[in-house]
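Each residue of the sequence shown is one higher than the one before, counting from 178 in the numbering used here. As structure tokens, the structure follows; a few thoughts come after it.
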Amino acid sequence: MLQRRFSRQARKRTQLEPLVNGTLVSQRIEYLSVIGGFLDGLHVRFGAGLNTIIGARGTGKTTVVECLAYALDTLPSSDHAPQERKRVETLIKRNLNGGRIEVGIRAKDGTPYKVTRSFGEEPIVVDADGVAATVNLKAGLFRADVYGQNAVESIADRPLFQLDLIDSFATQAIQQIASREKQIVSMLAANAHQIIPLEQEVGNIQDELAGLPGVELKLKEFAGPAGGVTAEVNEAHRLKGLRDRESRLLQRGREQIGQLAESLRQIQSGSLRRSSSITDAETAKGPNGDVLKVVGQEWDTCNKEVDRLLLQAVDRLAALDAEVGQQAEQLTQRHRQQELVFRTTIEKHQLAQNQAVERSALEKQRNHLLARQLRLEEVTRRIGELRTERTGLLQQLSDVRDGRFAERRQVAQRINEALSPTIRVTISQYGNTDQYRATLESKLKGSGVKQSVVAQRIASSLTPPELAEVVRNRDTDTLIDRAELSTEQAGKVVIGLFDQEFLFGLEAVELGDQPLIELKDGEGYKDTSSLSTGQKCTAILPILLLDSDNPLIIDQPEDNLDNRFIFENVVKSLRRVKLQRQLILVTHNPNIPVLGDAEQVVVLDSDGYKSRLIKDGNVDKCKEEIVTLLEGGAEAFQKRGERYGKR
């Protein structure tokens, strides 16, 4: 009976042929080798279709999965799953024991590479000639979807994990969007850092200009009929004020020249240091000393050229300053002569002479304020330009996030087309306010309100840009009406959040997409978070087993599933998906390798100190190990058959 069962699954094939039933599986993992630690000396080959890893507990099956994940840089997200990531890193560090992992891969275009990685180091991609490749994993060369033990259940419980799952079906597009989003957010931060000091300067200038009307009123009184001053005196004072403004303009010009020249000198002194800063005696004599020597030579050449150009700029500014200085001296000489005329005119009029000192002081004050008014106009114009730029960046950010939502919605539609009506996936844009709420809670600490309650109300009623505008306008009424805060709470919120840097950052805070995965239960649907453990796996596993370019690695996918579901659903999916997608599964269930017709079965054993490969091959070659490890042995297998009345 045992022989008959396995012979029914027999197939004639080349064991590790990249074709599965005549269909080419694109990118795939070809082998795993480990040097050092618990898996020292292990070399495991993988086929293009279904691969299963079996063995008693403690033989290193999970460690193989984690080594693949670590080498291929597909660990759990540090943002979404920091604890899970830390667990894997700890396992790798302990089991690798200073060793190295090597994984052979074949990219989508069929090019073979190997990836090597030691703990704490970045992966290194090497081409077929043994040369470090210029491509890397993060640039989209290769990606595998890896799910450790209990990962399926975790996906069902955590929306962020569900987003990661959905994103795995559009990896390249999502990565490009994330890169563009990061770039725009950085540009928004730089934009804010320009606006904030300018707005502070506007406030300071406006405070100064508050005294301008009073100064002009006093000058008007001096110049008016009530002052008893002739037109000749008024004209003399007007020209004196004009001379003061002329002097200020040239003085300001020379200050600007000096500031720019000093900035260039600082750049010159802090520019590229000599080549000695990038090498030393030991590295120069090392195996790569020739490379460093070339860099050093180019470094010094560039440094000299930059210094020369900077010095030219400083010299040109010095020449300009000298020319302006000459003109300023000429202007000063003219002013002295014109001042003599002014004094002669004033001395003709006793009253004007008595008022001259005060009036001259007021003229100087007015000229200073008029210069500040010009600066205000200049700064206001610049702020307007930056605000326009910011509006455009915020729109770009919104468009990028819309694009990501569109990608996710398309993935959800594909999943629904494949798995409906049993499983239903929907995506709600802006549905996740967790980051927004957490940002508000953190900022409202110490503001005198229950930050968790208030933050939740605000996050549920106002978008981040709307809230930023409300706070800037000190619009407590909107907080009262829409967020249902009390008058006291609204006032404290405005005070607590009124920080320009925070408000600019708030504008870019994302309201994340919210996924919803549901399983049909009777006539209705249930959210995965409310399902039993078995139902959660029933809802998530079929999604993992959909077609994709990425190899799929799962540690014990059968956990919490009954054998009927495994046979009727999982096995059928495996047989279909393996034609286009490489599958690597750790399993204790015989249905998966046998009925799934695994192209490659990897059998591991351990002496308690080190794992070892005792056999690999197709189901027929490894049937004795399958029976022993997964069926409980030939005798148990046969007695169950007899008990069931099967022959």
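The beta carbon of each residue, even a glycine, is placed where N, CA and C say it ideally should be.
In this structure, the alpha-carbon of I560 lies about 11 Å from that of Q377. With a 10 Å radius around the Cβ and a threshold of 16 neighbouring Cβ atoms, P734 comes out buried. With respect to the 8 Å criterion, I444 and L487 are classified as neighbours on the basis of their beta carbons. The continuous alpha helix (DSSP H) containing E378 extends over residues T348 to L386. Here the alpha carbon of L563 sits roughly 9 Å from the alpha carbon of A369. Apart from sequence neighbours up to five positions away, the residues of its chain that approach A645 with a beta-carbon distance below 6 Å are L680, L683 and E684, ordered along the chain. In the DSSP assignment, the residues bridged to E279 are S210 and T293. When secondary structure is reduced to three states using DSSP, H220 falls in the strand class. Sequence-distant partners of D732 (beyond 5 residues in either direction) whose C-beta falls short of 6 Å from its own C-beta, in its chain, are T239, V242, G325, Q326 and V763. Cβ contact annotation for L314 (same chain, cutoff 8 Å, sequence separation greater than five): L249, D250, V292, P300, V302 and R320, in chain order. Y247 is positioned such that its CB atom lies no closer than 8 Å to that of R205. Partner residues in a beta bridge of I560, as assigned by DSSP, do not exist. Rounded to whole angstroms, G466 and E475 show a C-alpha spacing of 14 Å.
A distance below 7 Å between beta-carbons, with the five flanking residues on each side excluded, links N768 to the following residues of its chain, in chain order: N740, I743, F744 and V748. Note on geometry: alpha-carbon atoms of V362 and Q612 lie some 15 Å from one another.
Two segments are said to touch when three or more pairs of C-beta atoms, one from each, lie closer than 8 Å; by this definition the segment 346-361 touches the segment 583-599. For D217, the closest alpha carbon among the candidates R271, G673 and F814 is that of R271. Closest in C-alpha terms to V491, from the list E439, E516 and R513, comes E439. Secondary-structure assignment with DSSP links P692 through a beta bridge to I604. Counting every other CB atom within 10 Å of its CB across the protein chains shown gives Q339 a total of 16 or more, marking it as buried.
Nearest Cα to R429 within the set D498, R262 and P642: D498. DSSP places L781 outside any alpha helix (DSSP H); the residue lies instead in the beta strand (DSSP E), whose first and last residues are Q777 to S783. Where D322 is concerned, the enclosing beta strand (DSSP E) starts and stops at D322 to Y324.
Counting C-beta pairs with one atom in each stretch, the segment 259-277 and the segment 750-763 have fewer than three that are closer than 8 Å, which means they do not touch. By the Cβ-count criterion, R520 is exposed, with fewer than 16 other Cβ atoms from all chains shown falling within 10 Å of its own Cβ. In this chain, the alpha helix (DSSP H) harbouring S638 covers Q628 to S638. Here V501 has L427, G430, R431 and I434 as same chain residues with Cβ atoms under 8 Å from its own Cβ, once five neighbours each way along the sequence are excluded. The segment 755-814 is shown to contain whole beta strand (DSSP E) runs of 3 or more residues at 760-763, 777-783 and 788-794, in chain order.
About 6 Å separates the beta carbon of P692 from that of P336, a gap short enough to meet the 8 Å contact definition. Within a 10 Å sphere around the beta-carbon of G224 sit 16 or more other beta-carbons, which makes this residue buried. The alpha-carbon separation between T456 and K481 amounts to approximately 18 Å. Cα atoms of V323 and L729: separation of roughly 6 Å, rounded to the nearest angstrom.
For the set A548, H220 and V647, the Cα lying nearest the Cα of L386 is the one of A548.
Annotated as distal: R581 and E695, with beta-carbon spacing of 8 Å or more. DSSP places K703 in the uninterrupted beta strand (DSSP E) bounded by G701 to D704. Excluding its 5 nearest sequence neighbours in each direction, A505 has C-beta neighbours in its own chain below 6 Å: L427, listed in chain order.
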